[in-house]
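Notes follow the structure.
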Amino acid sequence: MDPDMPLAPSGATVRRQTDLAADPAAVWDAIADFGAVHTRVVPGFLTALALDGSDRIVTFATGVVAREAFISRDDTLRRLVYAIPEGPFRSYSAAFEVAAAPAGARVTWTIDLAPASFAGYVGGMMDEALPIMRRMLEPAGRAGAG
Numbered sequence: 003m004d005p006d007m008p009l010a011p012s013g014a015t016v017r018r019q020t021d022l023a024a025d026p027a028a029v030w031d032a033i034a035d036f037g038a039v040h041t042r043v044v045p046g047f048l049t050a051l052a053l054d055g056s057d058r059i060v061t062f063a064t065g066v067v068a069r070e071a072f073i074s075r076d077d078t079l080r081r082l083v084y085a086i087p088e089g090p091f092r093s094y095s096a097a098f099e100v101a102a103a104p105a106g107a108r109v110t111w112t113i114d115l116a117p118a119s120f121a122g123y124v125g126g127m128m129d130e131a132l133p134i135m136r137r138m139l140e141p142a143g144r145a146g147a148g
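All residue numbers for the sequence shown refer to the numbering used here, where the first residue is 3 and numbers rise by one.
And the structure:
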């Protein structure tokens with residue numbers, strides 16, 4: 003490949019960020035629990051999860067099933083990264099980061115994917131998941147959920 007040849011962008015970054023009235027350590031504990039995201043973070047959005055080695059196979063409420071490969075977890079940075087190595091994406095890498103914020107915790111969810119044509123769909127899915135995440139991770143929401 004010619005290094006001077008311009009490349010047309012074929013991927014996209016989709017990012018969502020939300021502040022939660024919750025302890026960052028507690029939020030991180032739930033998000034970092036790779037095998038329990040369907041019960042601790044987004045129940046109903048994900049309806050099932052099965053571990054297969056370092057991968058998790060998740061079933062979405064829509065019926066879509068995806069294999070998510072664990073990439074890394076950094077407890078100091080409070081950062082979890084996973085990828086979807088197969089399916090309709092040419093490339094898909096997601097990262098959750100949890101940081102302290104004035105109200106408690108800030109969760110940043112970033113997905114880099116290709117082709118870019120999936121960005122709207124993936125962003126919409128993230129928008130559906132965030133209110134569930136908020137309900138599960140904020141203490142007031144958990145108290146009202148029971």
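Yeah, the Cβ is synthetic: ideal placement off N, Cα and C, and Gly gets one too.
Asked	Found
Chain C within 9 Å of residue 131, Cβ atoms only	The displayed structure is made up of one protein chain only, and chain C is not part of it.
Segments assigned beta strand (DSSP E), at least 3 residues, entirely inside the segment 35-73	48-54 and 57-62
Contacts around residue 2, its chain only, beta-carbon distance under 6 Å, and the 5 residues preceding and following it disregarded	Residue 2 is absent from the model: the chain starts at 3 and stops at 148.
Residue 15 versus residue 88: straight-line alpha-carbon distance, rounded	18 Å
Outcome for residue 109 when other beta-carbon atoms lying within 10 angstroms are tallied against a minimum of 16	buried
Within 9 Å, strictly: CB atoms of residue 22 and residue 115	no
Whole-angstrom distance between residue 118 and residue 31, CA atom to CA atom	32 Å
Residue 137 versus residue 92: straight-line alpha-carbon distance, rounded	33 Å
For residue 31, the first and last residue of its enclosing alpha helix (DSSP H)	26-33
Distance, residue 57 Cα to residue 121 Cα	23 Å
Residue 76, DSSP secondary structure in three states	strand
Where the beta strand (DSSP E) containing residue 113 begins and where it ends	106-116
Where the alpha helix (DSSP H) containing residue 121 begins and where it ends	121-139
Burial state of residue 48 (16 or more Cβ within 10 Å)	buried
Spatial neighbours of residue 95 in its chain, beta-carbon cut-off 6 Å, leaving aside the 5 residues before and after	85 and 114
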